[in-house]
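Okay, structure first, notes after.
Residue numbers (our numbering): 152 to 871.
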């Protein structure tokens, strides 16, 4: 998992990269490094714009990384204290499908690890961050924390590193470097030195000033700045407090903007974190700023260092420094335009979520997953706004329900449940958005193994669907109830409900990821009931439809069932080919359930191929993942039989001691490591051909004709 600084810094789990254009801090760099060597909690404090984040990133990136890496958690865009833990979980790349709190997930993952956690921009969340840090440091001896904020966390053991301004020489050096980006050369201009002195050596203020060199000379910049300072100090030349110096510099830069630039500056403040050009054009245009002019005005703000440009996996994106954004937000409120802009922001992201839901059933699934991940801060902001507006109930339900593919398909069940429950708890109604939120909530609860709330949500959905004559909602509720029966080992009921819901989908003309998953789930029920040929027929049909439409997520589950069928027929090579495809797809979507199911079945294939040691390693790796999914193998007799066959065979051929040793080896592997290991294994590694009949493939192999596990805890739809 990587995180990017506004200035171009990149910090990942193992190797922090250098900053682009980092200037100065020759004394502070070694001092902060020494502080980290002597304390497990160091907090870099100082006013906005002083360069705290850059210094912390430079020091974290320049140190010898601990064994488990350096991880930067960006908290500036997190507005709700409840999401602090989620932000850390997200940064660490963790996925947990259970009902556990994210704090529990963190503590379990960090136990026994050694890493540096950089918490950047926590000052608006200080209480939540302080509680988290105390808990983590108290229970994870190998953890060190580098916090970055405008004030200390104020907890025991904290070493505060107060960051001051740049030295005069370093400030001049920074001004010259930023001037060079504007194509200007400052040389030894004495006005530059005086200007940097007037700006108190505050890096952000200096960058804003340098951004004006396209229109003004250093001397003109100094004259204008001095005029503002004299006004604020009553005509004298007394120094302002540092926080007022920065605010003055920002205000002065704001005054030098054209009316259109000031307008866009204020309107861009509604975005949380990054945004793209299309969003800016929609949200910020109108009433004095035509959408066709947004790019030109944005480019002007970029040149003035008001906005930063970033290259990301989803293309070029932009962001404002927090201090600059806050100034713009004040102006937006003062103009009385904040409510309108927040509504436009909400409308854009509701529209984006709706588009992404539709495009999930298309060749653009990967693009949709990446786009949604990049837009999560803004989507959360839109959800929060919907939940707080008097007329926002229906939109909140629509937005939370439309994002089913994010919650279910991209490993964010816990967060999804939070938004879904919050939206359905608002005033009741029978509108389609509420019905959809209910069955999506039921689906999420099923995936988390939380049966009672799942049944309650699905029953409420069915009752309200009958009252409102919504055949579509009724079909989805019936489908999800069938999923619940399937994972509860009630195969006859599952078969009936899934078959009925599939017929209703066909009557309604529905064709999407959800309909395809209904077929896969029905195939699972048919296999469990002993009709493997019918299961294969259903999944071959799903695979064909997915390939016609470019759908990969539902396709991966169809491949999983087909892989089991191939193993049953004695074709281990074909089974491995299908499973590696399935696993690669599931891992790319952060689909933890799909990943662990594939690994479980790969273990069975591997022992068949004659490598019981590797099979035991894979079983150990799967065992370490199941707690984040739920009850191992769902506590199901159907699902446990293939796992038991694999374990029995491996134990017989290895002996108990060697088997347990291999399992321990697998448990120690991280998710990325085990996936890489499984995907890199094209054929048995060091294993002998399996003795004939050593792992039976015939129907007698298992008491019940079932695959290793069911994909029914994953499903989706683009309608309903």
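Even glycine gets a Cβ: it sits at the ideal position worked out from N, Cα and C. As the structure is a prediction and not an experimental result, all values here were calculated from the model.
Check, Outcome
"Just to confirm the assignment, what range does the beta strand (DSSP E) spanning residue 310 have?", "310–313"
"Assuming the contact rule is C-beta atoms closer than 8 Å, residue 423 and residue 507 should be a hit. Round their C-beta distance to whole Å, please.", "With 8 Å as the limit, residue 423 and residue 507 do not qualify as a contact, their Cβ atoms being about 18 Å apart."
"Would you mind sorting residue 779 into buried or exposed? The rule is 16 or more other CB atoms within 10 Å of its CB.", "buried"
"Can you tell me which of the three DSSP states residue 576 falls into?", "coil"
"Cβ of residue 418 within 7 Å of Cβ of residue 492?", "yes"
"Opposite residue 459 in the DSSP bridges: which residues?", "470"
"If I measure Cβ to Cβ from residue 247 and keep anything under 6 Å in the same chain, skipping five residues before and after, which residues do I get?", "256, 779"
"What span of residues does the alpha helix (DSSP H) with residue 669 cover, start to end?", "664–679"
"How long is the line joining the alpha carbons of residue 651 and residue 642, rounded to whole angstroms?", "14 Å"
"So, under 8 Å CB-CB, residue 201 and residue 353 are touching, yes? Tell me the CB distance rounded to an integer number of Å.", "6 Å"
"Suppose you measure from the CA of residue 743 to the CA of residue 476; what does that come to, to the nearest Å?", "37 Å"
"Just curious, the beta strand (DSSP E) that residue 807 is in, first and last residue?", "Careful: residue 807 lies outside any beta strand (DSSP E), inside the alpha helix (DSSP H) at 807–818."
"Is the segment 459–470 touching the segment 425–436, taking contact as three or more C-beta pairs under 8 Å?", "yes"
"Kindly list the residues whose CB is nearer than 8 Å to the CB of residue 818, restricted to its own chain and excluding five residues on each side of it in sequence; keep chain order.", "771, 772, 774, 775"
"Please check the pair residue 751 and residue 794, which I expect to be a contact at CB under 8 Å, by giving their CB distance rounded to whole angstroms.", "6 Å"
"Helix, strand or coil: how does DSSP classify residue 279 here?", "helix"
"Rounding to the nearest angstrom, what Cα-Cα distance links residue 808 and residue 816 in this structure?", "13 Å"
"Pull up the distance between the alpha-carbon of residue 689 and that of residue 619, whole angstroms please.", "33 Å"
"Please report the distance separating the alpha-carbon of residue 385 from that of residue 482.", "Confidence at residue 385 is low in this model, with a pLDDT of 44, below 50, so the placement of that residue should be treated as unreliable; the coordinate-derived value is given next. Distance between the alpha carbons of residue 385 and residue 482: 24 Å."
"Between which residues of its own chain and residue 810 is the CB-CB distance below 6 Å, once the five residues before and five after are set aside?", "767, 801, 802"
"Roughly how many angstroms lie between the CA atoms of residue 625 and residue 529, to the nearest whole one?", "32 Å"
"Note down, one range per segment and in chain order, each alpha helix (DSSP H) of at least 4 residues found wholly within the segment 582–612.", "583–598"
"Which of helix, strand or coil does DSSP assign to residue 556?", "helix"
"Measure from the alpha carbon of residue 677 to the alpha carbon of each residue in 633, 694, 660, 698, then state which is nearest.", "633"
"Is DSSP giving residue 789 helix, strand or coil here?", "helix"
"Quick one, are the C-beta atoms of residue 734 and residue 754 less than 7 Å apart?", "no"
"Just confirm the distance between the C-beta atoms of residue 604 and residue 596, as a whole number of angstroms; I'd bet it's less than 8 Å.", "5 Å"
"Taking its Cβ as the centre, do 16 or more other Cβ atoms sit within 10 Å of residue 455, making it buried, or is it exposed?", "buried"
"Based on Cα-Cα distance, which residue from 335, 646, 281 lies nearest to residue 364?", "335"
"So, under 8 Å CB-CB, residue 716 and residue 683 are touching, yes? Tell me the CB distance rounded to an integer number of Å.", "6 Å"
"Tell me the rounded alpha-carbon separation between residue 186 and residue 607.", "53 Å"
"Specify, as a first and last residue, the run of the alpha helix (DSSP H) that residue 236 falls within.", "235–242"
"Using a Cβ-Cβ cut-off of 7 Å (strictly less than) and excluding sequence neighbours within five positions of residue 644, which residues of its own chain qualify?", "636"
"Are the segment 181–196 and the segment 206–216 in contact at 8 Å, needing three or more beta carbon pairs?", "yes"
"Is residue 194 helix, strand or coil by DSSP?", "strand"
"Tell me whether the beta-carbon of residue 631 lies closer than 7 Å to the beta-carbon of residue 570.", "no"
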